[in-house]
Each structure stands twice: as structure tokens, then as C-alpha cells.
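One structure is given below, encoded as C-alpha cells.
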Amino acid sequence: MTIALDIFRALADGTRLRILALLRSMELSVGELAQVLGQSQPRVSRHVKILCDAGLAERRKEGSWVFVGVGGAARVAPVVAALDAWNAVEPDHWAVADAARLAAVRADRASSAAGWFEANAGQWDAIRSLHVAEEQVEAAIADVLGDVPIGQLIDIGTGTGRMLELFGGRATHALGIDRSSEMLRLARAKLSERGIDNAELRQADLYALPLGDGAADAAIIHHVLHFAQQPGAAIAEAARVLSPGGRLLIADFAPHDREELRSRDAHTRLGFSDEQIAVWFAAAGLMPVRTETLEGGALTVKLWLARKGAEQLHEVRAA
1 MTIALDIFRA LADGTRLRIL ALLRSMELSV GELAQVLGQS QPRVSRHVKI LCDAGLAERR
61 KEGSWVFVGV GGAARVAPVV AALDAWNAVE PDHWAVADAA RLAAVRADRA SSAAGWFEAN
121 AGQWDAIRSL HVAEEQVEAA IADVLGDVPI GQLIDIGTGT GRMLELFGGR ATHALGIDRS
181 SEMLRLARAK LSERGIDNAE LRQADLYALP LGDGAADAAI IHHVLHFAQQ PGAAIAEAAR
241 VLSPGGRLLI ADFAPHDREE LRSRDAHTRL GFSDEQIAVW FAAAGLMPVR TETLEGGALT
301 VKLWLARKGA EQLHEVRAA
């Protein structure tokens, strides 16, 4: 009874109902929620606190930003089901306006990242090397993938095509996708120069991969996830295209406090913890297989390997 009272008290406000609806679409910072709702950040912060205290929302601090997402399914799912049922009877007039403003927030985020990519495409490989020795990361990726045939490979956020350059030759067919046409132009030139003729490049979004369900045997997300607005959705989409037993390898940064990477280099996330990745893997039907930690650079790089729908021992290693 206490839980029910807490939940109903938390939802006894129109703004908090709107916040919960927005969080169902994506994680948002408090500032972005304020932008969509047209309210001050302090006021929105108070509403968020009430939702968090009731278990309907969760806060996660990243540097100077605070991201807010929906709470645990046990509390949120019954509430969402009820709200959907009531909205079917009488649609919420705020929903259309909030959805339009949310689309503007998404566009602002995407425009910032896309502008940076276009401006820095020619220096992309060099920028990566500033953080962690790339040859160390590449050697670790090769070790984690092993020397077994890869089959159908998809490189998600291929950039200049480095992963295709390294591993495309071991695949029966390789597909690299990227949103940036300039990145793809550079990748196409590089792969042609290297004589890699079994690789295909397409302009596409990591949330809508141009492959059918179960079409890929292996997927790589190399130093891309920290740019994603919705990392969990990106992982779920990668899992969708994997065949049973297919592998997903993520290479990205461990949590850090290098705030300048957000403001200067358009990083949306300041790294990821093992716990965050494990939650997203589980939600996508992926079993963790192996974790590698590569230290020694300005930032720590992590490798997470998972397999779709197969029980595996989880190996954890540090280097």
C-alpha cells in the first residue's frame, strides 16, 4: 500500500506526468527537460526528485550533467500500462506539443554531433589516437575476436573504415554504416586503396541498421557508443541483426570526468561502467562473454564482448 501511495502522490501533478512520458522516449538531462517543458531548471529538478523518490525515475550524474531515465520496470510498467489505457480514451493534449519540442532537442543533439564529425572527418583517426594508443586497442580487439571466421560482419559507425580494414578480410562479407557522408567518402577511398573488395559501405543510422533480423554473425561498435543519445537502443538494434550465437564487440571508454570531451568533441557520454553495459546487454538478449580493460593512456579503454542467446562464461581481464 505504501508503494502505491508514493506512486500516486508522485503522479498527482501534470508536469510530472509529462516528464514520465518524455523519459519513456529517451534519457534526458535536466536542462533538456526544462527546454521541452518550458520551465526553469530548479522547478524541473524538484519534479524529478519527487519522481526519483517514488522509484519512477532514476538520475545518473556524468560530469556536470545529470541524465534522467525511467525507473525500474516493476514500478513503472503498471503505471505506463494504465496511462496508455487512459490516453486511448482521452488523448493528452500536451503530448503533441511535448513531442514536437522533444524532436527539436533530438535535432540539436544530432546537429552538434554531425557538425563535429563533418568538420573533423579528415582527422578522425588522429583524434582517436590522442586518447589511448590505437594499436593497443586494435590488438586487443583482434585477440577478443579470435582467429575464427567472422561470416557476415557489420561495423556500426565505421568512420574511416578502420575496423573493416582490419577484419573485413576475415569476413565473407563486411558492411560498414555511418551517418556521415564525408566519413563514408574517406572510408571508401581507404578500402579501395587497401584492395578490400568484399566490404560495402552505406549511409545509415545506428538505430535503424540496414539489415534484416539475424542477418549478421558479428557486429563491432568501436569508439562510437559515447556519441549515442540512446546507447541502450543502439545495442538493442545491433542485437536485432545478430544471428543466434552472433557476437557483439563494443570498444569504448570507462567512466571518466574529462568534461572537455563533451563540450569540445561532442561526446554525449563520459564513458560507461561494466554495470551499465551489462544492463543493456541483458535487455537486448545478449550474454556477456569477455571484458578487457586497457589502461595506460589519458583515458581507460574497455572492450565488452557478448553473444546473442547463448550461455557463456564471463571472462574479465585487465592489461
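Each residue of the sequence shown is one higher than the last, beginning at 1 in full-length UniProt numbering.
Glycine included, C-beta positions come from ideal geometry on N, C-alpha and C.
Keep in mind that this is a model prediction, so the values were computed, not measured.
First through last residue of the alpha helix (DSSP H) which encompasses L33: Looking at the DSSP string, the run of the alpha helix (DSSP H) that includes L33 is 30-37.
Residue of R188, K308, W280, R194 minimising C-alpha distance to G246: G246 has its Cα closest to that of K308, out of R188, K308, W280, R194.
Taking only three categories from DSSP, how would you classify A219? Of the three classes helix, strand and coil, the one that applies to A219 here is strand, per DSSP.
If we count the other Cβ atoms within 10 Å of its Cβ and call it buried at 16 or more, is V89 buried or exposed? Counting every other CB atom within 10 Å of its CB across the protein chains shown gives V89 a total below 16, marking it as exposed.
Considering only residues of the same chain and omitting the five flanking positions on each side of T300, which have a CB-CB separation below 6 Å? Within the same chain, T300 has close Cβ partners A254.
Might you give, ordered along the chain, the residues of its own chain that have their beta carbon closer than 8 Å to the beta carbon of residue 338, omitting 5 neighbours on each side? Given a span of 1 to 319 for the chain in the structure shown, any question on residue 338 remains unanswerable.
Between the C-alpha atoms of L313 and R290, what's the straight-line distance to the nearest angstrom? Below a pLDDT of 50, predicted positions are generally treated as unreliable, and L313, at 48, falls in that range; no measurement from the model is reported.
What residue from H222, T293, D108 has the CA that sits closest to S273's CA? Relative to the Cα of S273, the nearest Cα in the group H222, T293, D108 belongs to T293.
Could you tell me whether the Cβ atoms of G55 and Q41 are closer together than 8 Å? No, the Cβ-Cβ distance between G55 and Q41 is not below 8 Å.
Which class does L184 belong to by DSSP, given the choice of helix, strand or coil? Looking at L184 - three-state DSSP - the assignment turns out to be helix.
Looking at the secondary structure, which residues open and close the beta strand (DSSP E) in which M287 lies? In this chain, the beta strand (DSSP E) harbouring M287 covers 286-294.
At which residue ranges does the segment 64-104 contain complete beta strand (DSSP E) runs of 3 or more residues, listed in the order of the chain? If we require 3 residues or more, the beta strand (DSSP E) runs fully inside the segment 64-104 come out as 65-70.
Tell me which residue opens and which closes the beta strand (DSSP E) that G246 is part of. For G246, the enclosing beta strand (DSSP E) stretches over residues 242-253.
How long is the line joining the alpha carbons of S45 and G115, rounded to whole angstroms? Straight-line Cα distance between these residues: approximately 30 Å.
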